[in-house]
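Residue numbers (this note's numbering), protein chains in the order written: chain A, 469 to 663; chain B, 469 to 663. Backbone N, C-alpha and C define an ideal beta-carbon position, used for all residues, glycine too. What you are looking at is a predicted structure, and each value in this text was computed from that prediction instead of being measured.
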DNA sequence: AAATATAAGATACGGCCGTATCTAATTTGA
DNA sequence: TCAAATTAGATACGGCCGTATCTTATATTT
């Protein structure tokens, strides 16, 4: 007879659920993970889950926050804009390696229903705007005289993020070759443009 | 007594279903359109629909093909690369105006599960690769001596498409100001880069 | 015209979603 | 310490998915 009287509450319960979520994510992948399945695995019911997370995407994001080993990005300052971009992309590549491509793809597809592309990457990183990293890089480059100005339209400042998302969705990973090509063929020409 | 003996078959049936699909799409939008709902509206059953289209996305794409008034893009040749891009983006903007943003967003999100971003736009246009339009533009520009070379990495040639998709997903539409900014701030600097 | 092949339509299934409602365990605070 | 407030957990609902199975109307073939 399996006795089970005590009810978990609050953080203990949340922990159990997120553990189960992480578990299921490894076992079944994002697409095949279901709220009901997680509830069952955590020995609770979906009612409890829906009280805390509105949908699968949020639940998985929460689990990622707990187990994904995510580290906040830091603003690179290598002395050249190219070096900064390389460093930034390196940080992002490291982050992405922690996620299976399928998870990211599923997450993005789900979030796409509610969010704009530009916001997607941020949400993978606890709301840290990628822009807040790129802008200081541009400030430094402008201060060094490497580029003509530090102020660029939003569409341009967010370009690194756009390229990145596209790359990750197209390929599974973010190869070094891809990083270099994006930087040398696209980003640097854009920021070095003489206008 | 509503008599209904005759069974529709083949094209007649397909037409009825796609008409119902188009109808439902207007009434409920992509997200709230359901296969069962379309089946009911077309006075048939979902079994019949699943025999022809594997999922909602394909069904809606078929309806778009029939009622979306899509026209194939033509290769611009205005005499300048900038003019060509403007023309191309104009064509795309016209196309996108036929789709509600919500439809495109939903479609993209659904297709994202199975396709890479670069392929997405093509599928909206009967498989015409955007690349097949951009490349001739680059050939012309190179022949004119306007740009240094006609051969660019895939990542660069597909950049217009990436920018476009991102724009459409972020905003509802593709404003003229956005088009100009993408062209002048990003695309032209990239293709004019001296390397 | 009759036999055969094809495909429409009806029905039912298990699975999951997201919500609502109820109960009972646990915490709280008076 | 005991009543009140909170919240976990159970259950049930309607809706939709995607598949399978069966029937029966229509088309094809001979």
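If you ignore the 5 residues before and after residue 566 of chain A, its C-beta comes within less than 8 Å of the C-beta of 536, 537, 538, all in its own chain and listed in chain order. Taking the Cα of residue 577 of chain A as reference, the smallest distance to any Cα among A:661, A:475, A:498 is reached at A:498. Membership of residue 541 of chain B in any alpha helix (DSSP H) is not indicated, and neither H nor E is assigned to it by DSSP. Using a Cβ distance threshold of 8 Å, residue 496 of chain A and residue 503 of chain A do not count as a contacting pair. By alpha-carbon distance to residue 553 of chain A, the top candidate from A:597, A:629, A:638 is A:629. By the neighbour-count criterion, in which 16 or more other beta carbons inside 10 Å mark a residue as buried, residue 647 of chain A falls on the buried side.
In this structure, the alpha-carbon of residue 477 of chain A lies about 12 Å from that of residue 517 of chain A. At a C-beta separation below 9 Å, residue 478 of chain A has no neighbours in chain B, since its nearest C-beta there lies roughly 34 Å away. Residue 581 of chain A carries a coil assignment under DSSP once its states are collapsed to helix, strand and coil.
The DSSP-derived three-state label of residue 569 of chain B is helix. One finds nothing in chain A with a Cβ atom closer than 7 Å to the Cβ of residue 544 of chain B; even the nearest lies about 22 Å away. Think of a sphere of 7 Å around the beta carbon of residue 649 of chain A: the chain B residues whose beta carbon falls inside it are 621, 623, in chain order.
A contact between stretches requires three or more CB pairs, one per stretch, nearer than 8 Å, and the region 646 to 660 of chain A meets this requirement with the region 611 to 626 of chain A.
Taking residue 492 of chain B as the centre and dropping the five residues before and after it, the same chain places the C-beta of 501, 505, 506, 509 closer than 7 Å to its C-beta, in chain order.
Judged by DSSP in its simplified three-state form, residue 537 of chain A adopts coil rather than helix or strand. Here the region 555 to 575 of chain A lies against the region 634 to 644 of chain A, with 3 or more beta-carbon pairs under 8 Å apart. Residue contact with chain B for residue 540 of chain A: absent (no Cβ-Cβ distance below 8 Å to any residue of chain B). Fully contained in the region 611 to 659 of chain B are the following alpha helix (DSSP H) runs of length 4 or more, in chain order: 622 to 625, 627 to 638, 644 to 649. Looking at the backbone, the Cα of residue 636 of chain B and that of residue 556 of chain B are separated by about 15 Å.
Neighbours of residue 658 of chain A in chain B, taken as residues at a C-beta separation under 8 Å, are given in chain order as 653, 654, 657, 658.
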